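Under my numbering, the first residue of the sequence shown is numbered 202, with each subsequent residue one higher.
Report on the structure given below.
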Amino acid sequence: MAKIKFNTLEYWKAVAEACNKDETYLQYCKESTKPLNITLKLCQDNGKCFTMKFDNGKIVDVHESKPNEKADASATMSYEAMVKQHKGEKDMMYFLSHGQAKLENMMTFLTFAKPISQMMEVVAPKIPVDY
């Protein structure tokens with residue numbers, strides 16, 4: 202697989218495609234107490250955001266977020282923090298506890314912690330990227 206520029210629309214679409222094929226991710230979705238039917242907004246602290254729409258765990262849409270676009274939950278962190286998470290150097294709990302990440306609607310993240318963690322910390326790092 203050719204390298205993709207990190208934190209671009211092409212990158213997030215590749216993450217979605219990989220998640221939709223990842224058996225562990227899909228199993229975690231099935232085990233959730235509620236169906237994973239949400240929109241998730243992932244933002245860099247400079248305002249660059251991408252929105253992912255989940256339908257029963259499958260990621261059915263990925264697009265660059267429109268200004269002021271609402272989502273069921275969102276995460277914001279610096280590009281540098283995103284890179285460290287992608288490389289497996291630090292996890293989201295580290296960034297949250299050090300004030301380097303911000304989550305909106307924490308209950309959504311807690312409800313779907315296993316599939317979202319699988320997506321961000323196991324599946325996404327397998328995507329070969331250029332930083």
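Ideal placement from N, C-alpha and C gives every residue a C-beta, glycine not left out.
Note that this is a predicted model, so its numbers are computed, not measured.
Considering only the alpha carbon of each residue, which of the options lies closest to residue i?
| i | options | result |
| --- | --- | --- |
| E281 | E322, L304, L297, D246 | D246 |
| N257 | Y229, T277, K288 | Y229 |
| I328 | M253, Q286, D292 | Q286 |
| K259 | S298, T209, L241, L304 | L241 |
| V323 | K288, E270, L304, L243 | K288 |
| P268 | E290, C244, F255 | C244 |
| G300 | V284, M278, S318 | M278 |
With 16 other CB atoms within 10 Å as the buried threshold, where does residue i fall?
| i | result |
| --- | --- |
| G248 | exposed |
| Y314 | The sequence shown places Ala at residue 314, not Tyr. Burial call: exposed. |
| S266 | buried |
| V261 | exposed |
| M253 | buried |
| M308 | exposed |
With residue i as the anchor, note down where its alpha helix (DSSP H) starts and where it stops.
| i | result |
| --- | --- |
| A203 | Here A203 belongs to no alpha helix (DSSP H), and DSSP marks it neither H nor E. |
| I260 | Element bounds for I260: not the alpha helix (DSSP H) but the beta strand (DSSP E), 259 to 265. |
| L311 | 307 to 312 |
| M278 | Counting along the chain, M278 falls outside any alpha helix (DSSP H), though it belongs to the beta strand (DSSP E) covering 274 to 278. |
| Q228 | 224 to 232 |
| V216 | 210 to 220 |
| Y295 | 293 to 298 |
Taking 7 angstroms as the cut-off, decide whether the C-beta atoms of residue i and residue j are in contact.
| i | j | result |
| --- | --- | --- |
| Y332 | F251 | no |
| N238 | A274 | no |
| C220 | Y226 | yes |
| F296 | A302 | yes |
| V263 | K214 | yes |
Counting along the chain, where does the beta strand (DSSP E) carrying residue i start and finish?
| i | result |
| --- | --- |
| F251 | 250 to 256 |
| L241 | 240 to 245 |
Just checking my contact of residue i with residue j at CB under 8 angstroms: how many whole Å lie between their CB atoms?
| i | j | result |
| --- | --- | --- |
| M320 | V216 | 7 angstroms |
| K222 | T312 | Not quite, the Cβ-Cβ distance comes to about 23 angstroms (not below 8 angstroms), so this is no contact. |
| V330 | K204 | 6 angstroms |
| L304 | A325 | No, L304 and A325 are not in contact; Cβ-Cβ is about 17 angstroms, not under 8 angstroms. |
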